[in-house]
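Mapping the sequence shown onto my numbering, position 83 (from 1) lands on 491, and the numbers just tick up by one.
Following: one structure in structure tokens, then a few remarks.
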Amino acid sequence: MSSHPATLPRSTWLLLAMLTLGWGMNWPMIKMAVAEVPVWTFRGICVWGGAIGLFAIARFSATSLHVPRKHWGPLLLMSLCNVTLWNVLVTYGIRMLPAGRSAILAYTMPLWTVLFSTLILHEKLTVRRVAGIVLGMSGLGLLLTDSIVAIGGRPLGALLIVSAAICWSMGTVLMKKIPLGMSTTSFTAWNFLLGGVPIVAGALILDPPHWRPIGPWAVTGLVYNVFVAFILCHWIWFRIVSLAPAGVSALGTLSIPVVAVFSGMAILGEKPDWTEICALGLILAALATVLVPSRSQPPASQTAAGPADK
């Protein structure tokens, strides 16, 4: 497959569009759900519900679920970054912030990926990448400063979301550094199962033992997360990583914060202020600087290392 975005098959562009809408709309859905469902319980249901769905899909499609012994260690580490830390940190953080602002902070992930790729994968740190990092960190600093002023010097929610983005980027870099050669369905299912173990344990230990009835909005958010955000969108994400070049797969995250901001406005009645709009512009400019190839730059031929589908 060509690495240039214009030559990608329509099916890949369709996957990118589905991912953008699915994950973008999920941010207000998370906020609706965690307003009534305890954090660890909510994420435990999402992660293991997604695992059950994907294992069932693998079973009925005759997809191999075998994991070679030498891959268990890397798989555990990837699931810790991609699933456990990401989901717990994001869910705690979004309880303290608007959904749109949370998404803007979370999708600084490609910027952290640039840094980790330079350190771990020894990729070249170009002038464009440095410019992108400066723009992105400017937007990040704007949101963090505003959070400190708004909540009296305690930007905990913003710091949790940024930490989640760092964990996700580390998981992505590990996928490129240590390709496991597993099918997309199998890789995603095992990530959910393994990454969900500490989350479910946390739910049993930390969350109240008895649930009170939850309203229809919380149920909607929970169901959406399990079937759309986890089963469908995570499968799409790992599939794109396995099929498309690294720049193109990361490019698919560019418009997710935009969808999240407008979804928060439409569903939750959020009203982004000037700091969020400016930060969104800076971060989108940063991601475009890092990810969109220049006209004079020949398309890269190397594709992202990821779980290769059969």
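No residue lacks a Cβ here, since even glycine has one placed at the ideal position from N, Cα and C.
A quick note: this is a predicted structure, and the numbers were derived from the prediction, not measured.
- Of the candidates I502, R620, I613 and P624, I502 places its Cα closest to the Cα of L567.
- In this model, G579 and P624 are separated by some 34 Å (Cα to Cα).
- L423 has its alpha-carbon roughly 29 Å from the corresponding atom of I528.
- From the listed residues W682, A696, T697 and A693, the smallest Cα separation to L550 is found for W682.
- In this model, I648 and P417 are separated by some 12 Å (Cα to Cα).
- M486 sits close to N599, with the two beta carbons spaced by under 9 Å.
- Residue environment analysis places V542 among the exposed positions, since fewer than 16 neighbouring C-beta atoms fall within 10 angstroms of its C-beta.
- In the three-state reduction of the DSSP assignment, W431 falls in the helix class.
- Contact between G458 and V634 holds, since their C-beta atoms are separated by about 6 Å, short of 8 Å.
- For R620, the three-state secondary structure derived from DSSP is coil.
- Of A464, V538, T420 and A507, the smallest CA-CA separation from I675 is found for A507.
- With at least 16 other beta carbons inside 10 angstroms of its own, S525 counts as buried.
- Rounded to the nearest whole angstrom, the C-alpha separation of C489 and W576 is 6 Å.
- Rounded to the nearest angstrom, the Cβ distance from L505 to V570 is 11 Å, too far for a contact under 8 Å.
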